[in-house]
Structure formats: structure tokens, C-alpha cells
Amino acid sequence: MLLSTAYIPCIEYIAYIAQSTLIRIEAHEHYAKQTYRNRTCIASAQGLMELIIPVIQPNGSKTCIRDVRISYAEAWQKKHWHAITSAYNSSPFFEYYQDVFHTFYTKQYTFLYDYNKEILLTLLKACNITTEIKDSASFTPLSNNTYDVRYTLSPKITSNTHIPEYTQVFAEKYPFLSQVSILDTLCNIGPDTGLYCKKIILK
Numbered sequence: 038m039l040l041s042t043a044y045i046p047c048i049e050y051i052a053y054i055a056q057s058t059l060i061r062i063e064a065h066e067h068y069a070k071q072t073y074r075n076r077t078c079i080a081s082a083q084g085l086m087e088l089i090i091p092v093i094q095p096n097g098s099k100t101c102i103r104d105v106r107i108s109y110a111e112a113w114q115k116k117h118w119h120a121i122t123s124a125y126n127s128s129p130f131f132e133y134y135q136d137v138f139h140t141f142y143t144k145q146y147t148f149l150y151d152y153n154k155e156i157l158l159t160l161l162k163a164c165n166i167t168t169e170i171k172d173s174a175s176f177t178p179l180s181n182n183t184y185d186v187r188y189t190l191s192p193k194i195t196s197n198t199h200i201p202e203y204t205q206v207f208a209e210k211y212p213f214l215s216q217v218s219i220l221d222t223l224c225n226i227g228p229d230t231g232l233y234c235k236k237i238i239l240k
């Protein structure tokens, strides 16, 4: 299975990993804007909220994903962590995981790819998902292969995969928000997240 890098990936992304024995992350593509590579979604008191990491592309549109740098010109880490704590502080499992993830909002990483990978590995460990994760050895051209989902998981594309509902923090205000990151699932159902992802029927 071939996936693109992603910042705190969506539920479907983690479901692909949970249901595979080996995942390769595309490490040689050109950076693509307006994708999950530098953004995630959380369920806030105002509804679905996007969190976006500002980046620097040294070679413009031809910058390799591994060379994309994180910009710290603005205090995005502080803003993201404040948004996450505001959204999930009252969730059943946030207190259990908060120290693990707070590190990613205090330590500064140089490259987006490295930052995303460290978060992904931490998420998988928290979800008890043991799938092997490897970087791709070279760029793989886009294909219709069902094992290539680099561009099918996108904020701009409505997925056909049904995400089973669970109780979210603001369930009384909003219907179930399926586009959220796996952090939402982890904060709300905790150790059952891995099993939940394995049961999702991917389409």
C-alpha cells in the first residue's frame, strides 16, 4: 500500500494502515498544496476546524516532499495545541494521551516529512497498530492500482468509505464529523481505536 505523508492523518488513512501488513510512504514526490500533507481536521466547538502547518518550499513547486521545511514565522504550534486542547479536553481519553502529543507542539522540527512521520508512528503505537512503515525508495508514477491511494485521500474529494459513528465531544451540537483526524477517534474511544480502524470497510 502506497500513501502520501500526512499531518495527523484522517480516520480512513489510518484504516488503510491498520488493514495492511506493509505501508510505504511516498518520499520522493513533489510537494502538493491544499492536501493532507500539511493539514488536519478536528471537531471543535465551532464544528469542523482545519489546522494547517505553514511551510517553505526551497525549490518552489518542484520541491521534493522530503525537502519541504516547516515555517516558524508564526506561532502555529501554540495555536494548534490550544485548538486541540479546547476541542478534546473534555473527551474521555485526552488526559491519557495529552503528554505524548504535547511534545510535537514544543519541539521544533526542520522538515515536514520527518515531523509527520514521527507523529504517525506515535499515533500507531497509541492505537496498537503494528503495521510496518517504510519510506518509498523512489518516486512511483501515479497509477490506477488499488494499492495506490496517495491522491484519493484528499480534503477536496468526498470519500465513498463509510466511517462508523462514535460519540464525539460536541455530538449534541453537530452530526457526526467523519472527516476528522484519527486524534479525534483516539481521544473519544481510546484503546479501541485500532480495532475500530480494522473493521472499517474501505472503498
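Going by the numbering used here, the first residue of the sequence shown is number 38, and it counts up by one from there.
Glycine included, C-beta positions come from ideal geometry on N, C-alpha and C.
| Query | Result |
| --- | --- |
| Supposed contact pair S218 and C47 - C-beta distance, whole angstroms, cut 8 Å | 6 Å |
| Cβ neighbour criterion (16 or more within 10 Å) applied to Y188 | exposed |
| Of the listed residues E87, I54, Y50 and R103, nearest to E66 (C-alpha basis) | R103 |
| For T77, the residue or residues it bridges with in DSSP | L88 |
| C-beta contact flag for R74 and T42 at 8 Å | yes |
| C-alpha distance - T147 paired with C224, whole-angstrom precision | 28 Å |
| Integer Cβ distance of L214 from L85, believed to fall under 8 Å | 5 Å |
| Residue of I60, Y211, V206 and G97 minimising C-alpha distance to L220 | V206 |
| Cβ-based neighbour list, L59, same chain, cut-off 6 Å, excluding 5 preceding and 5 following | E169 |
| Test item: CB-CB of W113 and H139 under 8 Å | no |
| C-beta atoms of T77 and Y53 nearer than 8 Å | no |
| Assigned exposure category for G97 - 16 Cβ within 10 Å defines buried | exposed |
| Helix, strand or coil at E63 [DSSP, three-state] | coil |
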